[in-house]
Amino acid sequence: MAGTKSLTQKQEEFCLAYIETGNATEAYRRSYDASRMNSASVNRKAKELLDNVKIAARIAELRAPVVERAQITLEQHLADLKALRDKAEREGKFGPAIQAEIARGKASGLYVDKVDLGLPAGGSLLRVEFVEATKPEKGAAQNERD
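In our numbering, the protein residues as written are 147 to 292.
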């Protein structure tokens with residue numbers, strides 16, 4: 147808790163609430179009196195706090211053990227899958243061995259599911275275009291109801 151010495155009590159409360167909720171605006175509301183503030187002001191103040199170097203360092207400090215535990219969990223998961231793969235291979239069960247190895251690759255991020263968005267080679271897509279493209283057509287929705 148070395149980072150708490152340079153923060154005010156409210157700033158520390160903000161950091162803890164941010165870690166808990168993952169939402170800076172909600173963390174601000176929990177830590178400061180925002181009852182007379184409009185949403186834009188709360189959002190702006192929350193952003194200012196996140197941009198504060200000392201607060202950012204404290205949030206990183208609070209997150210470090212969580213990240214470390216998650217990494218250990220991934221390492222253990224990969225080791226368990228490797229043991230299952232090795233056992234299946236020793237028993238001549240190559241299908242399950244291959245499946246275990248594929249699961250290890252997916253857990254490690256080696257496999258990426260690709261989605262064809264129907265773009266020309268080198269084309270780009272704005273988020274708005276993607277949302278519009280994924281909405282069902284009005285005529286199609288009407289036909290389904292008929």
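We put the beta carbon where it would ideally sit given N, CA and C, even for glycine.
- Task: Less than 8 Å between the CB atoms is what I'm expecting for ARG182 and ALA163, so what's the real figure, rounded?
- Result: About 19 Å separates the two Cβ atoms, so there is no contact after all.
- With DSSP as the reference, label THR154 as helix, strand or coil. coil
- Query: Should ASN289 go down as buried or exposed, given a rule of 16 or more other Cβ atoms within 10 Å for buried?
  - Reply: Low local confidence applies: a pLDDT of 49 at ASN289 is under 50, so the model's placement there is unreliable, and no value is given.
- Message: Going by beta-carbon coordinates alone, are ALA234 and ALA243 separated by less than 8 Å?
- Response: yes
- Message: Give me, in chain order, the residues of the same chain whose beta-carbon lies closer than 7 Å to that of THR171; leave out the 5 immediate sequence neighbours on both sides.
- Response: VAL188, ASN189, ALA192
- Query: Where ASP179 and VAL258 are concerned, what is the direct C-alpha to C-alpha distance, given to the nearest angstrom?
  - Reply: 45 Å
- Message: Buried or exposed, going by whether 16 or more other CB atoms sit within 10 Å of the CB of GLU158?
- Response: buried
- Message: Could you tell me the alpha carbon to alpha carbon distance between LEU256 and LEU196, rounded to whole angstroms?
- Response: Computed Cα separation, rounded: 33 Å.
- For LEU153 and ARG204, believed in contact at Cβ under 8 Å, the rounded distance: 6 Å
- Take PHE240 and list the residues in its own chain whose beta-carbon comes closer than 8 Å to its own, dropping the five residues that flank it on each side. Once the five neighbours on either side are set aside, the close Cβ partners of PHE240 are ALA234.
- Task: Output the distance between the C-alpha atoms of GLY168 and GLU237, rounded to the nearest integer angstrom.
- Result: 46 Å
- Query: Between which two residues does the alpha helix (DSSP H) carrying SER187 extend?
  - Reply: 185–197
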